[in-house]
Amino acid sequence: MNIDLLSAFAIGLLGAGHCLTMCGGVSGMLLSALPNQERIRKWPLILSYHAGRILSYSLIGAAVGFTGSLAAKSIGVPLNAMRLISGIFLILLGLYLGQWLFILAKIENAGKFVWQHISPLAKKCLPVDSPTKALSLGLVWGWLPCGLVYSTLTWSVASGSGSQGALIMAAFGLGTLPAMISLSVGVFSVQSLLKSKYFRKTTAILMIVYGMYTVQVAYQAMI
1 MNIDLLSAFA
11 IGLLGAGHCL
21 TMCGGVSGML
31 LSALPNQERI
41 RKWPLILSYH
51 AGRILSYSLI
61 GAAVGFTGSL
71 AAKSIGVPLN
81 AMRLISGIFL
91 ILLGLYLGQW
101 LFILAKIENA
111 GKFVWQHISP
121 LAKKCLPVDS
131 PTKALSLGLV
141 WGWLPCGLVY
151 STLTWSVASG
161 SGSQGALIMA
171 AFGLGTLPAM
181 ISLSVGVFSV
191 QSLLKSKYFR
201 KTTAILMIVY
211 GMYTVQVAYQ
221 AMI
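For the sequence shown, UniProt numbering gives the first residue as 1, with consecutive numbering after it.
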């Protein structure tokens, strides 16, 4: 598997605690429409929602990957320069998750302009009582302003193609699944681990170290 796909998957997996905070409320929507005796029907809703979410990530990844490809071919922006930016964003993400520096929060706020136009579509999916509505809700929720998503999108930009950009974001989405499914089905022990200070700090340090490595490799390739 391509190292970029592994990196994107790892970002999704390690950023799990942030996912729980950002998307926790949606899990309640997936179950609230069902009476207790019918909760076995939750699995089609949960899987459809996450399929929609990952599909949205992939579509956005394809768009920015294609844009990065055009920039590289049309105006000569080196892909390694884009990769260097990806490393910087990964460092910023680590600092953000570790709650040491909040520059990435400002970028999240910038995404709220788009979100305010898309989020009303979620109301049309309520109550979430069918896989179609759950899929639609996931498609909408994939656009939620999120520093974790934006950081991974920089890898899609540097991928050099729309298809690779889509695959990177799909790998990221798959990495978020363990945390998000544990939230949906109420596995509280996993949630407690992912939300713990020690997990968050360790994750943050790992992302910073890998971001620094990415910057170094990209810089060496440019000189």
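We treat Cβ as the ideally placed atom computed from N, Cα and C, and that holds for glycine. The structure displayed is predicted, hence computed values, not measured ones.
Subject >> Residues of its chain near Q37, where Cβ-Cβ distance is below 7 Å and the 5 sequence neighbours each way are ignored >> reply: To locate residue 37, count along the sequence shown from 1; it is residue 37. Model confidence at Q37 stands at a pLDDT of 48, short of 50, so the residue's coordinates are unreliable and nothing is read from them.
Subject >> DSSP three-state assignment for A72, whether helix, strand or coil >> reply: Residue numbering aside, residue 72 sits at position 72 when the sequence shown is read from its first letter. The answer is helix: DSSP assigns A72 an H, G or I state.
**OP:** Just the C-alpha distance for K201 and G98, rounded to the nearest angstrom, thanks.
**Re:** What you label residue 201 is simply residue 201 of the sequence shown in a count that begins at 1. What you label residue 98 is simply residue 98 of the sequence shown in a count that begins at 1. Cα to Cα, K201 sits roughly 5 Å from G98.
**OP:** Can you give me the Cβ contacts of I223 inside the same chain, cut-off strictly under 6 Å, excluding the 5 residues immediately before and after it?
**Re:** By one-based count along the sequence shown, residue 223 stands at place 223. Correct list: empty, nothing qualifies.
Original post:
If you run the structure through DSSP and keep just helix, strand and coil, what is C146?
Top reply: Here residue 146 corresponds to residue number 146 of the sequence shown, with the count starting at 1. C146 falls in the coil class under three-state DSSP.
Original post:
In whole angstroms, what is the alpha-carbon distance linking W155 and A166?
Top reply: Within the sequence shown, residue 155 is the residue found at index 155, counting from 1. Within the sequence shown, residue 166 is the residue found at index 166, counting from 1. Distance from the CA atom of W155 to the CA atom of A166, rounded to whole angstroms, is 10 Å.
Subject >> Collapsed DSSP secondary structure at Q100 in the structure displayed >> reply: The sequence position of residue 100 within the sequence shown is 100, counting from 1. Correcting the residue type first, residue 100 is Trp in the shown sequence and not Gln. Under the three-state reduction of DSSP, W100 is assigned to coil, being neither helix nor strand.
**OP:** Quick one: grab the DSSP three-state call for D4.
**Re:** What you label residue 4 is simply residue 4 of the sequence shown in a count that begins at 1. Reduced to three states, the DSSP call for D4 is helix.
**OP:** Measure the C-alpha to C-alpha separation of T176 and G15 and round it to an integer number of angstroms.
**Re:** Start at 1 with the first residue of the sequence shown, and residue 176 comes out as number 176. Start at 1 with the first residue of the sequence shown, and residue 15 comes out as number 15. If I take the Cα positions, the gap works out to 7 Å.
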